[in-house]
Amino acid sequence: MVTPGHERWHPNPDFYYAFGGGPLMDMGPYYLTALVTLLGPVASVIGAGSRTRGERVIGTGPRAGERVPVGVDTHVSGVLVHASGVLSTLVMSFDAVDTHAAPIEVHGDAASLVVPDPNQFHGPVLHKALGAAEWRTLPVSAGYRDAGRGYGLADMVGPDGRHRASGELAYHVLDVMESLLRSAQTGQAVTVASTCARPDPVPSISLLSGVDERVDQRARRGLGQ
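To convert, take the position in the sequence shown, counting from 1, and add 8; that gives the numbering used here.
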């Protein structure tokens, strides 16, 4: 994920450049959650970081032209070693104009995938097999379509399976980000202390099918009926 920085559009961007901010802590949860969901938990990381400027200039709103001090790295790169042995490369930056690269690419010896922006929650998944002449768009094969965020809530109240957006997953993603920043500071690889289960795939049938019935059944159980 690369962008010139949020001060161009945000009227009060100070927190993006203070402790707890920066591109990794701001946008990293979207990408890292997607990577853990796709490839499983992360066992260790190697990170590096930099900041190109000591100040940012607010570009909009009543504070336009005001300078904001930068107290965090505004470009963070990392290599993630997943517990499965898979390697991921992560780049999060407030220091670049734009990119023509896919938000997430997954490469294997038999095929490659292009995965859509995890911050948008929808989009085509492209697939190219070894020897194929061109990319093809994979058909939708699971219960979420477009940015159907409400479907996830309906799925959560169902009786089957673990919550995909669990506290365990959120804590692990935070631990990975903190480990990347610590590695960037020390110049050494860092073992990620936490782990989590890889979230279950979304249902292979439409969540619209039977949602009302499942919600009604859960409500009745809650009322003791």
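In this text, a Cβ means the ideal position worked out from N, Cα and C, and glycines have one as well.
Next on the checklist: Rounded to the nearest angstrom, what separates P126 and L43 at their Cα positions?
Outcome noted: By one-based count along the sequence shown, residue 126 stands at place 118. By one-based count along the sequence shown, residue 43 stands at place 35. A direct Cα-to-Cα measurement between P126 and L43 gives close to 10 Å.
Checklist entry - So which of T45, R71, E63 has the shortest CA-CA distance to N20? => result Sequence index remark: in the sequence shown, residue 20 carries index 12 (1-based). That would be R71, whose Cα lies nearest to the Cα of N20.
Checklist entry - Counting pairs of beta carbons, one from the region 185-203 and one from the region 46-63, are three or more of them closer than 8 Å? => result yes
Item to check | Residue interval of the alpha helix (DSSP H) (run including P12) | outcome: Residue numbering aside, residue 12 sits at position 4 when the sequence shown is read from its first letter. Where P12 is concerned, there is no enclosing alpha helix (DSSP H), given that its DSSP letter is neither H nor E.
Checklist entry - Do V94 and L47 have their C-beta atoms closer together than 9 Å? => result The count along the sequence shown starts at 1 and reaches residue 94 at position 86. The count along the sequence shown starts at 1 and reaches residue 47 at position 39. When the beta-carbon positions are compared, V94 and L47 come within less than 9 Å of each other.
Next on the checklist: To the nearest angstrom, how far is the alpha carbon of R222 from that of V210?
Outcome noted: Working through the sequence shown from its first residue, we reach residue 222 at position 214. Working through the sequence shown from its first residue, we reach residue 210 at position 202. Low confidence applies here, because R222 scores a pLDDT of 49, under 50, leaving its location unreliable; read the following figure in that light. Whole-angstrom Cα-Cα distance: 16 Å.
Item to check | Cβ-Cβ separation, V76 to E63 (assumed contact under 8 Å), whole Å | outcome: Here residue 63 refers to the residue found at position 55 when the sequence shown is read from its first residue. Here residue 76 refers to the residue found at position 68 when the sequence shown is read from its first residue. Sure, about 6 Å apart at Cβ, within 8 Å.
Checklist entry - What are the partner residues of G73, as DSSP defines its beta bridges? => result Indexing the sequence shown from 1 puts residue 73 at position 65. The partner list for G73 (beta bridge, DSSP) is empty, contrary to what the question assumes.
Checklist entry - Based on the DSSP secondary-structure assignment, which residues constitute the bridge partners of T97? => result Reading the sequence shown from its first residue, position 89 is the one you call residue 97. V87.
Item to check | Beta-carbon spacing of P12, D103 below 9 Å | outcome: Walking along the sequence shown from the start, residue 12 turns up at place 4. Walking along the sequence shown from the start, residue 103 turns up at place 95. The answer is yes: Cβ separation under 9 Å.
Checklist entry - For the beta strand (DSSP E) that E113 lies in, which residues bound it at each end? => result Counting from 1 along the sequence shown, the entry for residue 113 is found at position 105. Segment 112-115, the beta strand (DSSP E) holding E113.
Item to check | G57 - containing beta strand (DSSP E), residue span | outcome: As a working mapping, residue 57 is identified with position 49 in the sequence shown. Start and end: 50-58.
Checklist entry - So what does DSSP say about E63, is it helix, strand or coil? => result For the purposes of this step, residue 63 is identified with residue 55 of the sequence shown, where counting begins at 1. Correct three-state label for E63: strand.
Checklist entry - Helix, strand or coil: how does DSSP classify S202 here? => result In the sequence shown, counting from the first residue as 1, residue 202 sits at position 194. In the structure shown, S202 adopts coil according to DSSP, grouped into three states.
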